[in-house]
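As you go down the protein sequences, you meet chains V and R in turn.
So the first sequence is numbered by numbering that gives the first Met the number 0: it starts at 0 and just counts up by one.
So the second sequence is numbered by numbering that gives the first Met the number 0: it starts at 0 and just counts up by one.
Here is the structure we will look at.
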Amino acid sequence: MSQNDEVMIGLEVHIQLTNLKTKLFCSCNNDYRGAEPNTYVCPICIGLPGSLPVVNKKVIKFAIRLALALDCKINNQFWFFRKNYFYPDLPKGFQISQYNKAGGKAFADGGKIAIRLNNHKKDIILNRIHLEEDPARLVHKGSIATSPFTLVDYNRSGVCLIEIVTEPVIRSPEEAREFLKQLKSIVQYTGISNLGLEGSVRVDANVSIKGYDRSEVKNINSFKEVERALRHEIIRQKNILKRGKKLIQETRHWDDKRRITIPLRTKELEEDYRYFPEQDLVPIEINKDFIQKVKSELPEMPNERSIRFRKEYGLTEFDSYNLVLDKNFADFYEEGVKSYPSFGSEEHKLYCNWLMNDISRWLNNNNKTIKETKITPKHLVDLINTIKDGKITGKIAKSFIPDLMVGVNVKVLIEKTGKKRISDKEYILKIAKEVIINNPEIIKDFEKNPRALEALIGKCMKKTKGRLDPELTRELLLDLLSNKIKKIEI
Amino acid sequence: MELYNYMGYELIEKIIKKDLTVQDLIQATFDRIETTDNLLHSFTNLSKDRALKKAKEYDIKIQKGKKVGRLYGLPLANKDLICIKGFPTTCCSRILKGYHSPYNAFVIERLVEQEGAIHIGNTNMDEFAMGSSTENSCYGPTYNPWDISRVPGGSSGGSAASIASGQAILALGSDTGGSIRCPASFCGVVGLKPTYGRISRYGLVAFANSLDQIGSITKCVYDSALLLEIMAGKDPLDSTSVNINVDKYTEELKKPINKKILGVPEEFFREGINNEVKSSVKKSIEKLESLGTTTVEVTIPHLEYTVATYYLLCMSEASSNLARYDGLRYGKMSQNLKGDVYDVFSRTRNEGLGAEVRRRIFLGTYALSAGYYDMYYIKALKVRTLIKNDFQEAYKKCDFIVCPTMPSTAFKIGEKVDDPLQMYMDDALTCPVNLAGLPAITIPCGFDSNDLPIGFQIIGNYFDEKGILNIGYQLEQELNIYRKTAPIVKGGK
């Protein structure tokens, strides 16, 4: 049994439906980010006496989209429950949520997300997805543990969340990361939320070592933090067991500043939420025709697209899987390769490589998505064609990337920098001779070690700022170095 | 005859005929309140300046021939748990002292903003509508205008007392287990609790939201019908309000009732019901028979479980509905801020909520707790269904169910305050109606030997307000005691 097999992780992922215009139960603006605190509020979302909730109809459509994309079984009727607890972020003293016990039903049950990790494929089985309202935002000075005060911003109160609950089938932080990557991708394709927005995702993780009590780690506020928090929590639990101590069932808080989990004020008894039906809302029937209609409007999902990319563009499974993750990225790819009809499978592959390597690297380094840059699919087509025509080298092309990302096109770049590829034999010979004469040690080395040739090519390129045709340079250098070496006239 | 002896519809006629100005009416209303409210204590907050200003505005409009709405400036007393923009809404609780609602309840929009009623003030009630005597108010009790040593009933005691004494012409109440019908019965006025969903609850502060219903307290059935016509209907802001045709209730009152069948459930006349009440109600049934109705016996077999069921459900719901009063955003927070946020919440609620409210929150919290939920809450829901079914069975045999509203007439102040269970039993004949969600009306049908009014209850099938108003009107006209204004005296015994 490997170390990871002993770990059991279940995730509860809360996703804000940021693409809604209004909140879950009132007509306040949903887009609270950047708004002055406590201005996007009304009697309903701050729970003033006498106010009543009304379900935002658009929410139902969005929830059906996600349920279909995740392969869940949608329940034909849905209603809400009250989850009762006291906290300053909860203006009514209860959260309107859904419950799958005590006669309640979640919005949808089951479902799965397929992940790949290294060469291994796995389905992460879901327990359910349900709807609930977001509590207000608590603002602390520094860390929650040390802040002298708490500020409450009710702008977030009542924003619609969808909670996705997995079965405890995740075996490692890496699997969790891959799961969240896929979930993020699916959510993006359904068009219900922009998970790039700060605070649009919150994850609670149930973590245990098989056979021992679990802990629930709350307040993991981004996908990136999940892997880190899980890794920490697993090590913490294993260390306790190593020291022969007992694990207790508890709720812990992820402190992303200190990167540790800390125990929350533990109460003597486990919290009892006293779930019971929310009778201010009547049950909502979901008819099959409506589900069908939503289904017919559902765009192609990432896994379908990946399969199609392999078929249509001859991409490898690995490439297509990664290319489709970000919808905008995949859209960019398709627009690019389709825009030039004479592109064949070689160019399709090249186009993919450029995106997955140089452009992805640039995006990562600059912490941007493709949508936030000025590069167009046409730019990349031009770049590939210019290389193919022998006008520039791959190396020069690479150096164009930063300019392309800010919207400069290839033609302008070539003219501006004069970086045309040099394939003039005479000129290359001249450079090659100079390099040979100036580097006797490398020449000496070359007699024992043919790979020293690369160093010479590098010197030639350096002298010309990479403009020489690399193949021709290699050929001429080899010529000079082997039989004709003695005839060099100095 | 004094202005306060007139029915609402009669005053409207006078105003239309220009025999009366709205300003004179409103001024007379406040004069009456000034001379009587020291004895009755019906009101918690008055809106005199706003009301007089509005009255002047309406008089000018009427003179110019402009529309002022169908209620022509009639004075409206509002129960202190229905929200009025910019006016205190305290639910007669310390915890909401100083709270002003930033919005109008749906019924206030309809009655005041659209149809020209003038809000004169808010009326006293049991804190958060929890009680049957209006003794559980942070402002102190209201006194019954027929005998000021007695309770007016509750929880809408202030509204009922204000109508019975001529302090107001129209009043709003809310009814969760009898809170309109009980005080209307004790004060000898007409109280209507419509079908659950007939009137939007938007802006009604919740006590038990699956049972609460807004209704009216008026001097006569006609006024009640008029108010319902205005208030009934679907409201997009209340998902539980129902989109069912609203009848012209005022036009249906005089229709003959000779083909109607009245069901008399034997369980509503058993031991525990005062004999004078029983005989008065039976006499009224005979009056109705003389108008041509037929009487049949029906049965509500689960009646004996209704009080227990009702209290389990309303307390459970209340424990959740009242959780929002933590003093953080509005209302009165404890001055003592020691400890963490939970300590401050506890202290605030302990200081701000009265004993009866806390009792119900405790019991409701208990009933919803893990391990007890199935035993209490779920079981109560099942009995609720049985009671609904009982009524539906009965309506296969009859059009209406007729019975006493209250087991007795008004009791003495302080008589039951230390015995909550006895107080709860007073809801025995009213709360089954809320559990089933049916409409019911109470009209005064006579007096006991202490000259205290007795209430006659007519329970209709779902959305048959038209029917119960029709029967109620015919009986009211036949009995002809509805013009009697309470004397505001201290009774004997």
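Cβ coordinates follow ideal geometry from the N, Cα and C atoms, glycine included.
Check: CB contact flag (R/GLY214, R/PHE399, <8 Å); Outcome: no
Check: Same chain only: Cβ atoms within 6 Å of R/ILE168, ignoring 5 sequence neighbours per side; Outcome: GLY7, LEU73, PRO74
Check: Test: R/LEU203 CB closer than 8 Å to a CB of chain V; Outcome: yes
Check: Integer-rounded CB distance, given that R/CYS137 should sit under 8 Å from R/SER178; Outcome: With a Cβ gap of about 17 Å, R/SER178 and R/CYS137 do not count as contacting.
Check: Contact list for V/ILE45 against chain R, beta-carbon separation under 8 Å; Outcome: ARG328
Check: Within chain R, partners of V/ARG155 - CB distance below 7 Å; Outcome: None at all; the shortest Cβ gap to chain R is about 15 Å.
Check: Cβ pair count under 8 Å reaching 3, the region 82-101 of chain V against the region 314-328 of chain V; Outcome: no
Check: Same chain, Cβ closer than 6 Å to R/SER184, neighbours up to 5 away in sequence not counted; Outcome: THR404, MET405, THR441, GLY454
Check: Neighbour flag for R/TYR375 against chain V, beta carbons, 8 Å; Outcome: no
Check: Under 7 Å (Cβ pairs) to chain R, residues found in the region 271-285 of chain V; Outcome: ASP271, ARG273, PHE275, GLN278, ASP279, LEU280, VAL281
Check: Straight-line Cα distance separating V/LYS370 from V/ILE123; Outcome: 30 Å
Check: Secondary structure of V/ALA204, DSSP reduced to three states; Outcome: strand
Check: Classification of V/SER96 by the beta-carbon crowding that lies within 10 angstroms, buried from 16 upward; Outcome: buried
Check: R/ILE243 versus R/ARG197 - alpha carbon distance; Outcome: 8 Å
Check: Beta-ladder partner(s) of V/HIS139, from DSSP; Outcome: V/THR149
Check: Chain-ordered neighbours of R/TYR142 on chain V, where CB pairs are closer than 7 Å; Outcome: Neighbours of R/TYR142 on chain V: none; closest Cβ ~27 Å, over 7 Å.
Check: R/LYS489 (DSSP reduced to helix, strand or coil); Outcome: coil
Check: Runs of beta strand (DSSP E) wholly within the region 29-107 of chain R (minimum 3 residues, chain order); Outcome: 42-45, 74-78
Check: Members of the region 195-212 of chain V that neighbour chain R once the beta carbon cut-off is set at 9 Å; Outcome: none
Check: Under 8 Å between C-beta atoms of V/GLY335 and V/LEU362; Outcome: no
Check: Assigned exposure category for R/SER131 - 16 Cβ within 10 Å defines buried; Outcome: buried
Check: Simplified DSSP state of V/GLN2, which is helix, strand or coil; Outcome: Its pLDDT being 49, under 50, V/GLN2 is placed unreliably in this model, and the coordinates cannot settle the point.
Check: Chain-ordered residues of the region 79-103 of chain V with a beta carbon less than 8 Å from chain R; Outcome: ARG81, ASN83, PHE85, TYR86, PRO87, PRO90, LYS91, GLY92, PHE93, ALA101, GLY102
Check: Under 8 Å between C-beta atoms of V/VAL164 and V/LEU116; Outcome: no
Check: Inter-residue Cα distance where the pair is V/ASN448 and V/GLU345; Outcome: 34 Å
Check: Euclidean distance between Cα positions of V/ILE45 and V/ASN18; Outcome: 22 Å
Check: DSSP beta-bridge partners of R/GLY172; Outcome: R/GLY214
Check: Sufficient close CB pairs (3 or more, under 8 Å) joining the region 42-49 of chain R to the region 200-219 of chain R; Outcome: no
Check: Rounded distance between the beta-carbons of R/ILE94 and R/LYS331, thought under 8 Å; Outcome: 6 Å
Check: Selection from R/LYS17, R/LYS254, R/GLU316 that minimises the alpha carbon distance to R/ILE360; Outcome: R/GLU316
Check: Residues of its chain near V/SER305, where Cβ-Cβ distance is below 7 Å and the 5 sequence neighbours each way are ignored; Outcome: SER319, TYR320, VAL323
Check: Proximity test, Cβ basis, 8 Å: R/ASN77 and chain V; Outcome: no
Check: V/ILE285 to V/VAL293 span [Cα, whole Å]; Outcome: 11 Å
Check: Reduced DSSP category for V/LEU268 - H, G, I as helix; E, B as strand; rest coil; Outcome: A caution first: V/LEU268 carries a pLDDT of 48, below 50, which makes its placement in the model unreliable, though a value can still be read off. It is coil, neither helix nor strand.
Check: Cβ distance (whole Å) where R/SER155 is taken to contact R/LYS218 below 8 Å; Outcome: Not a contact, Cβ separation roughly 15 Å.
Check: Own chain residues within Cβ distance below 6 Å of R/MET129, not counting five before or after; Outcome: GLU355, VAL356, ARG359
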